[in-house]
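Undergrad:
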Amino acid sequence: MDVWLRMVWRDPRLAHGFDKPILINDEMFLKRIWRPDPFFANAKLALFHRVTYLNFYMFVFPEGEVFFESRLYLKPSCQLVLCKYPHDNQMCSLRISSLGFTNDVMRLRWFSNIKHAISRNKHVQLPELYIVGYSKHECNGYRKSGNFSCLEARFYMKRNLGYHMAQTYIPTAMCVIFSWISVWLPEEFVDGRIFISLTVFLTLSAESTSAKEILPKVSYTKAIDIWFGFTATFVFATMLQALAVISLEHNSIKLRKEAEEGLDHIPRFQVMKLMLKSKRCHRMARTVDTYCKAFYPVILVLFLIVYRLVIIEGEETKCLR
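Just so you know, we're using numbering that gives the first Met the number 0 here: the sequence shown kicks off at 0 and counts up by one.
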């Protein structure tokens with residue numbers, strides 16, 4: 000992230016008799032002037048911008064008040080909690096502390112107005128997250144060499160759902176609905192039932208794998224994992240249901256053939272018994288399909304309600320308990 004760090008302090012030794020503030024933008028002069036020594040406590044990388052020269056400027060006012068501003072490049076660390084991913088809200092902070100001056104020598108303070116303390120470029124957007132707000136805090140602490148002042152800027156972010164709706168939710172939901180086609184096919188369409196269920200199951204597995212590759216490896220279950228788990232289980236159950244119906248229909252056909260072939264050499268009551276068993280298997284296959292046609296949409300709607308109320312609207316850290 001690009002940061003403009005602004006600091007104001009008073010140094011009576013720099014008081015002068017001019018009417019206007021003195022501009023200093025030469026690095027050699029900057030090294031001769033006392034400055035606060037803030038550092039970014041949670042930054043993994045911090046660099047000064049030096050194109051085309053060190054990006055800073057300083058104004059020294061007549062009464063010794065100093066205004067200093069410099070441009071930095073930071074890569075702060077942020078612990079993400081992905082329990083509700085991709086419906087998660089994140090809070091990342093930037094902590095600024097004094098490196099060597101204790102509270103007895105120097106204390107860091109925010110500007111009283113939040114707009115002066117923290118401001119952001121609204122034209123710069125993040126690819127997945129957008130900032131919904133920010134706040135200023137103090138994080139004063141103790142180290143072995145004494146008490147040090149610390150300032151903390153907290154940024155509250157929410158994840159954009161557009162990408163995940165288009166690439167995850169809608170395609171997988173369509174796969175689940177597409178798997179229902181096998182229920183509406185006639186029982187004798189064995190190849191069609193198996194092909195549809197197996198193809199959809201493999202498609203969901205590939206989609207789940209590709210979605211997880213871009214995520215950090217965590218030891219807890221995310222909301223997207225529950226979604227993929229449900230859809231894969233649903234399609235797998237559809238495939239098992241198709242196999243059960245195919246098996247029942249196969250038994251029905253087999254029993255009917257046995258009855259037809261045994262008309263001349265087995266007792267009539269045996270033929271009737273085989274025909275009844277054949278009809279029972281066929282009727283059971285039809286019943287399974289009928290119930291599945293009604294229950295599949297109901298189960299999906301119930302899951303969507305639970306997913307919305309319990310998982311999406313739940314606590315951010317619920318999965319960590």
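Just so it is clear, CB atoms sit at the ideal spot from N, CA and C, and this is done for glycine as well.
1. Pick out the complete beta strand (DSSP E) segments inside the region 38-81, 3 residues or longer, and give them in chain order.
2. Tell me whether the beta-carbon of residue 280 lies closer than 8 Å to the beta-carbon of residue 242.
3. Which residue wins for smallest C-alpha separation from residue 5, given the options 12, 108, 61?
4. Apart from the five residues on each side of it in sequence, which residues of its chain come closer than 8 Å, Cβ to Cβ, to residue 226?
5. Considering residue 130, what are the terminal residues of the beta strand (DSSP E) in which it resides?
6. For the beta strand (DSSP E) containing residue 8, name the first residue and the last one.
7. Here's the rule I'm using: 16 or more other beta-carbon atoms within 10 Å means buried, otherwise exposed. How should residue 10 be labelled?
8. Nearest to residue 173 by CA position, among 135, 230, 52, 86, is which residue?
9. Would you report the Cα separation of residue 90 and residue 41, rounded to the nearest angstrom?
10. Can you confirm whether the region 120-129 touches the region 92-111 when touching is taken to mean that 3 or more C-beta pairs between the two stretches lie within less than 8 Å?
11. Note the first and the last residue of the continuous alpha helix (DSSP H) segment covering residue 246.
12. Using only the alpha-carbon positions, how far apart do residue 330 and residue 156 sit?
13. Cβ atoms of residue 21 and residue 15: under 8 Å apart, would you say?
14. In angstroms, rounded to a whole number, what distance separates the CA positions of residue 100 and residue 26?
15. Would you kindly report the start and end of the unbroken beta strand (DSSP E) that includes residue 152?
16. State the Cα-Cα distance for the pair residue 31 and residue 52, rounded to the nearest angstrom.
17. Ignore the nearest five residues each way along the sequence and tell me which others in residue 235's own chain have a CB closer than 7 Å to its CB.
18. Would you please state the rounded distance, in angstroms, between the beta carbons of residue 87 and residue 158? I believe it to be under 8 Å.
19. Need the endpoints of the alpha helix (DSSP H) that residue 169 sits in, please.
20. Would you check if the distance between the CB atom of residue 252 and the CB atom of residue 83 is smaller than 8 Å?
21. In terms of alpha-carbon separation, which member of 285, 286, 260 lies closest to residue 274?
22. Please classify residue 204: does DSSP put it in a helix, a strand, or coil?
23. Which residue from 203, 153, 318, 85 puts its Cα closest to that of residue 133?
24. Here's the rule: buried if 16 or more other CB atoms are within 10 angstroms of the residue's CB, otherwise exposed. What is residue 175?
TA: On the basis of the coordinates in this document:
1. 42-47, 55-59, 64-75
2. no
3. 108
4. 167, 168, 171, 306
5. 128-137
6. 1-9
7. exposed
8. 230
9. 14 Å
10. no
11. 222-260
12. With the chain running from 0 to 320 in the structure shown, residue 330 is simply not present.
13. yes
14. 22 Å
15. 149-158
16. 18 Å
17. 200
18. 6 Å
19. 169-178
20. no
21. 260
22. helix
23. 153
24. buried
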